[in-house]
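Read through the structure below, which is laid out as structure tokens, and then see the notes.
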Amino acid sequence: MNDNPYDKAHELVKALKADERYQRLAAAQRILNDDPSAKKKLGLFRNLQLEVNQAEMLGQPITEEQAQQVALEYAKLSRNKVIAQVFDAEAAFVQMFYDIQQIIQKGLESDFPL
């Protein structure tokens, strides 16, 4: 049995790509790519999210106006069927990815109690 962590990481990638949540995300992304208008709108929203996230990471205060702008834009884009499918598929995949990260983190933390 090969317990090389790099090999296991490659196996994890294969398992993730075979998972239904990843497949849904990939399919939603293909549909989005066929809709230039929706793709552009989502791209602009991603840029807005990135600006706000970068400001947060740099310790800059986020204004109520910025937070509302992101929330309102998300709500507006969620009414677009193509974009809503992307959001839903992303949420499911991100949740699975987060769960996997938690499993790894908890497994490693057990060897280093605080």
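Everything in the sequence shown is counted per this note's numbering, starting at 3 for the first residue and increasing by one.
No residue lacks a Cβ here, since even glycine has one placed at the ideal position from N, Cα and C.
Next on the checklist: Within a Cβ cutoff of 6 Å, which residues of the same chain sit near residue 66, ignoring the five residues on either side of it in sequence?
Outcome noted: There are no such residues.
Checklist entry - Terminal residues of the continuous alpha helix (DSSP H) containing residue 47? => result Residue 47 -> alpha helix (DSSP H) spans 38-59.
Checklist entry - Given a threshold of 16 other Cβ atoms within 10 Å of its Cβ, counted over all protein chains shown, does residue 96 qualify as buried or as exposed? => result A residue is called buried when at least 16 other Cβ atoms come within 10 angstroms of its Cβ; residue 96 does not meet this threshold and is exposed.
Next on the checklist: On the CB-based measure, 16 or more other CB atoms within 10 Å of its CB, does residue 120 come out buried or exposed?
Outcome noted: In the structure displayed, the chain extends from 3 to 116; residue 120 sits before or after that span and is not available.
Next on the checklist: Only counting the same chain, and skipping five residues up and downstream in sequence, which positions put a Cβ closer than 8 Å to that of residue 69?
Outcome noted: Here the set comprises 54.
Next on the checklist: Below 8 Å, how does it come out for the stretch 71-82 and the stretch 4-14: are there three or more Cβ pairs, yes or no?
Outcome noted: In short, these stretches do not touch, since the Cβ pair count stays below three.
Next on the checklist: On a Cα-Cα basis, can you pick out the residue from 10, 48, 38 that is closest to residue 92?
Outcome noted: Cα-wise, what sits closest to residue 92 is 48.
Checklist entry - residue 112 by DSSP, collapsed to three states: which one? => result Note: residue 112 maps to coil in three-state DSSP.
Next on the checklist: Comparing C-alpha positions only, which one of 86, 111, 11 sits nearest to residue 31?
Outcome noted: It is 86 whose Cα lies nearest to the Cα of residue 31.
Item to check | Limits of the unbroken alpha helix (DSSP H) element including residue 32 | outcome: 22-35 is the span of the alpha helix (DSSP H), which, as asked, contains residue 32.
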